[in-house]
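So for the sequence shown, our numbering puts the first residue at 136; every next one is plus one.
Report on one structure; see the data block that follows.
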Amino acid sequence: MMPGQGRFNISLYHTYRIQDEITIRDGLPVLDLLDGAAIGARGGQSRNEVQLQMGAFKSGMGGFLNANWKESTHINGGSSPDDDLSFSDLTTVNLNLFADLSSRENLVSRYPWLKGTRVSLGVENIFDQRLDVRDGLGNTPLSYQPDYLDPMGRTFRISLRKILY
(Lines of atoms letter the chains of each structure in order from A and count residues from 1; the text may use other names and numbers.)
(Lines give C-alpha, C1' and ligand atoms only; values in the text may rest on other atoms or scores of the structure.)
Protein backbone atom coordinates (compact mmCIF):
# COMPACT_ATOMS: atom_id res chain seq x y z
CA MET A 1 0.00 0.00 0.00
CA MET A 2 1.40 3.39 -0.97
CA PRO A 3 1.73 6.14 1.69
CA GLY A 4 -1.39 8.27 1.95
CA GLN A 5 -3.64 5.59 0.49
CA GLY A 6 -6.47 4.29 2.57
CA ARG A 7 -8.20 0.99 2.94
CA PHE A 8 -11.88 0.14 3.16
CA ASN A 9 -13.45 -3.23 3.79
CA ILE A 10 -16.96 -4.49 4.15
CA SER A 11 -18.32 -7.95 4.82
CA LEU A 12 -21.84 -9.24 5.21
CA TYR A 13 -22.72 -12.68 6.54
CA HIS A 14 -26.11 -14.35 6.72
CA THR A 15 -26.57 -17.52 8.74
CA TYR A 16 -29.65 -19.67 8.11
CA ARG A 17 -30.02 -22.68 10.38
CA ILE A 18 -31.90 -25.57 8.83
CA GLN A 19 -31.70 -27.81 11.88
CA ASP A 20 -30.39 -27.41 15.44
CA GLU A 21 -31.22 -30.29 17.76
CA ILE A 22 -29.64 -31.67 20.92
CA THR A 23 -29.98 -35.10 22.50
CA ILE A 24 -29.01 -34.86 26.16
CA ARG A 25 -29.19 -38.61 26.80
CA ASP A 26 -30.57 -41.68 25.09
CA GLY A 27 -34.20 -42.20 26.02
CA LEU A 28 -34.93 -38.50 26.51
CA PRO A 29 -36.72 -36.44 23.87
CA VAL A 30 -34.66 -34.51 21.33
CA LEU A 31 -34.53 -30.77 22.03
CA ASP A 32 -35.23 -28.74 18.89
CA LEU A 33 -33.64 -25.35 19.57
CA LEU A 34 -35.33 -23.84 16.50
CA ASP A 35 -38.79 -24.87 17.64
CA GLY A 36 -39.37 -24.04 21.30
CA ALA A 37 -36.54 -25.72 23.21
CA ALA A 38 -33.72 -23.81 24.90
CA ILE A 39 -30.54 -24.55 26.80
CA GLY A 40 -29.81 -20.99 28.00
CA ALA A 41 -31.52 -17.92 29.44
CA ARG A 42 -31.70 -16.05 26.13
CA GLY A 43 -34.26 -18.22 24.40
CA GLY A 44 -33.93 -20.81 21.68
CA GLN A 45 -31.65 -20.58 18.67
CA SER A 46 -32.40 -17.93 16.04
CA ARG A 47 -32.99 -19.43 12.62
CA ASN A 48 -31.64 -16.29 10.88
CA GLU A 49 -28.71 -14.12 11.89
CA VAL A 50 -27.03 -11.33 9.92
CA GLN A 51 -23.64 -9.80 10.67
CA LEU A 52 -22.18 -6.69 9.00
CA GLN A 53 -18.58 -5.55 9.45
CA MET A 54 -17.08 -2.41 7.97
CA GLY A 55 -13.72 -0.73 8.39
CA ALA A 56 -11.94 2.31 6.97
CA PHE A 57 -8.31 3.30 7.55
CA LYS A 58 -6.08 6.07 6.27
CA SER A 59 -2.95 7.82 7.51
CA GLY A 60 -3.01 6.27 10.97
CA MET A 61 -6.69 6.91 11.60
CA GLY A 62 -9.66 4.68 11.13
CA GLY A 63 -12.78 3.08 12.37
CA PHE A 64 -14.77 -0.13 12.56
CA LEU A 65 -18.52 -0.60 12.47
CA ASN A 66 -20.02 -3.90 13.50
CA ALA A 67 -23.77 -4.68 13.36
CA ASN A 68 -25.50 -7.91 14.37
CA TRP A 69 -29.13 -8.99 14.01
CA LYS A 70 -30.74 -12.10 15.46
CA GLU A 71 -34.27 -13.21 14.62
CA SER A 72 -36.85 -13.63 17.39
CA THR A 73 -37.21 -16.97 19.17
CA HIS A 74 -39.64 -18.66 21.52
CA ILE A 75 -39.66 -21.26 24.27
CA ASN A 76 -42.48 -23.72 24.84
CA GLY A 77 -42.97 -23.38 28.59
CA GLY A 78 -45.21 -26.28 29.42
CA SER A 79 -48.80 -27.45 29.22
CA SER A 80 -50.30 -23.94 29.22
CA PRO A 81 -49.67 -21.40 26.43
CA ASP A 82 -49.35 -18.78 29.18
CA ASP A 83 -46.05 -20.44 30.16
CA ASP A 84 -44.52 -19.89 26.71
CA LEU A 85 -41.89 -17.17 26.33
CA SER A 86 -41.30 -15.00 23.27
CA PHE A 87 -37.90 -13.36 22.72
CA SER A 88 -37.75 -10.34 20.39
CA ASP A 89 -35.40 -9.71 17.48
CA LEU A 90 -32.17 -8.10 18.63
CA THR A 91 -30.01 -5.69 16.62
CA THR A 92 -26.80 -4.30 18.07
CA VAL A 93 -24.43 -1.82 16.44
CA ASN A 94 -20.91 -1.08 17.70
CA LEU A 95 -18.52 1.65 16.57
CA ASN A 96 -14.79 1.95 17.27
CA LEU A 97 -12.58 4.84 16.12
CA PHE A 98 -8.83 5.19 16.55
CA ALA A 99 -5.99 7.58 15.83
CA ASP A 100 -2.36 6.48 15.81
CA LEU A 101 -0.71 9.71 16.90
CA SER A 102 2.76 8.50 15.79
CA SER A 103 1.69 8.96 12.18
CA ARG A 104 0.88 12.64 12.81
CA GLU A 105 4.38 14.05 12.31
CA ASN A 106 3.42 17.63 13.18
CA LEU A 107 2.14 16.48 16.60
CA VAL A 108 5.12 14.23 17.33
CA SER A 109 7.59 17.00 16.44
CA ARG A 110 5.88 19.36 18.92
CA TYR A 111 5.18 16.70 21.55
CA PRO A 112 7.78 13.90 21.30
CA TRP A 113 6.11 11.90 24.09
CA LEU A 114 3.22 11.17 21.65
CA LYS A 115 5.47 8.81 19.67
CA GLY A 116 3.98 5.32 20.00
CA THR A 117 0.62 6.63 21.27
CA ARG A 118 -2.79 5.57 20.06
CA VAL A 119 -6.16 6.98 21.15
CA SER A 120 -9.32 4.92 20.73
CA LEU A 121 -12.99 5.72 21.22
CA GLY A 122 -15.70 3.10 21.21
CA VAL A 123 -19.44 2.82 21.63
CA GLU A 124 -21.01 -0.59 22.11
CA ASN A 125 -24.72 -1.05 21.45
CA ILE A 126 -25.08 2.47 20.02
CA PHE A 127 -28.88 2.37 19.92
CA ASP A 128 -29.17 0.78 23.40
CA GLN A 129 -31.18 -2.17 22.09
CA ARG A 130 -32.36 -4.71 24.64
CA LEU A 131 -33.91 -8.13 24.36
CA ASP A 132 -37.66 -7.97 25.04
CA VAL A 133 -39.11 -11.13 26.62
CA ARG A 134 -42.85 -11.71 27.02
CA ASP A 135 -44.83 -14.58 28.47
CA GLY A 136 -48.07 -15.91 27.02
CA LEU A 137 -50.04 -13.14 28.77
CA GLY A 138 -47.87 -10.38 27.33
CA ASN A 139 -46.02 -9.64 30.57
CA THR A 140 -42.25 -9.56 31.08
CA PRO A 141 -41.25 -12.13 33.74
CA LEU A 142 -39.18 -10.66 36.57
CA SER A 143 -36.01 -12.61 35.76
CA TYR A 144 -36.22 -11.44 32.11
CA GLN A 145 -36.34 -7.70 32.84
CA PRO A 146 -34.03 -5.90 30.35
CA ASP A 147 -31.62 -4.70 33.04
CA TYR A 148 -31.13 -8.25 34.31
CA LEU A 149 -30.41 -9.64 30.83
CA ASP A 150 -28.12 -6.77 29.77
CA PRO A 151 -27.03 -4.63 32.73
CA MET A 152 -24.54 -2.63 30.64
CA GLY A 153 -26.77 -1.42 27.78
CA ARG A 154 -24.97 1.25 25.76
CA THR A 155 -21.34 1.65 26.83
CA PHE A 156 -18.68 4.18 25.93
CA ARG A 157 -14.96 3.42 26.02
CA ILE A 158 -11.95 5.69 25.73
CA SER A 159 -8.46 4.23 25.74
CA LEU A 160 -4.96 5.58 25.46
CA ARG A 161 -2.16 3.20 24.53
CA LYS A 162 1.49 4.15 24.77
CA ILE A 163 4.36 2.00 23.54
CA LEU A 164 7.50 2.65 25.56
CA TYR A 165 10.70 2.65 23.52
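Just so you know, even glycine gets a beta-carbon here, dropped at the ideal spot from N, CA and C.
Per DSSP, which one or two residues make a beta bridge with residue i?
| i | result |
| --- | --- |
| LYS297 | THR252 |
| GLN186 | TYR148, ASN203 |
| ALA191 | PHE143, GLY198 |
| ILE157 | LEU166 |
| GLY212 | Answer is none; GLY212 lacks a bridge partner. |
| ARG292 | GLY257 |
| SER221 | HIS209, ARG269 |
| ALA234 | MET196, VAL254 |
| VAL228 | ALA202 |
| GLY171 | ILE210 |
Please report the distance separating the alpha-carbon of residue i from that of residue j.
| i | j | result |
| --- | --- | --- |
| PRO281 | TYR246 | 46 Å |
| LYS250 | ILE145 | 30 Å |
| LEU187 | ALA202 | 5 Å |
| GLY141 | THR226 | 29 Å |
| SER278 | ARG265 | 14 Å |
| ARG296 | TRP204 | 31 Å |
| ARG160 | ASN274 | 34 Å |
| HIS84 | PHE222 | In the structure displayed, the chain extends from 136 to 300; residue 84 sits before or after that span and is not available. |
| ALA191 | GLU259 | 18 Å |
| ASN241 | ASP235 | 13 Å |
| LYS293 | GLY162 | Reading off the sequence, residue 293 comes out as Ile, not Lys. Approximately 53 Å, taken between the alpha carbons. |
| PHE291 | VAL228 | 13 Å |
| ASN183 | TYR151 | 5 Å |
Measure the beta-carbon distance from residue i to residue j and round it to whole angstroms, keeping in mind my assumption that it falls under 8 Å.
| i | j | result |
| --- | --- | --- |
| ILE157 | LEU168 | 7 Å |
| GLY178 | LEU220 | 7 Å |
| THR104 | SER237 | Nothing can be reported for residue 104: it is not among the residues displayed for the chain, which extend from 136 to 300. |
| HIS209 | GLY257 | HIS209 to GLY257, Cβ: 33 Å. No contact. |
Measuring alpha carbon to alpha carbon, tell me which of the options ends up nearest residue i.
| i | options | result |
| --- | --- | --- |
| PHE233 | GLY175, ILE174, LYS193, ASP285 | LYS193 |
| PHE143 | GLY197, LEU284, PHE291 | GLY197 |
| ARG269 | SER181, MET189, SER207 | SER207 |
| GLY271 | ILE293, ASP218, SER237 | ASP218 |
| ILE298 | VAL185, SER214, VAL254 | VAL254 |
| ASN231 | ASP285, ARG289, PHE199, ASP155 | PHE199 |
| GLY213 | THR290, GLY288, ALA173 | ALA173 |
| LEU166 | GLY195, MET189, ASN211 | ASN211 |
| ASP285 | TYR300, ASP267, PRO276 | ASP267 |
| MET189 | LEU147, GLY195, ASP155 | LEU147 |
| TYR300 | MET287, VAL185, ASP224, TRP248 | TRP248 |
Can you have a look at residue i and say buried or exposed, based on whether 16 or more other CB atoms are within 10 angstroms of its CB?
| i | result |
| --- | --- |
| PHE262 | exposed |
| SER244 | exposed |
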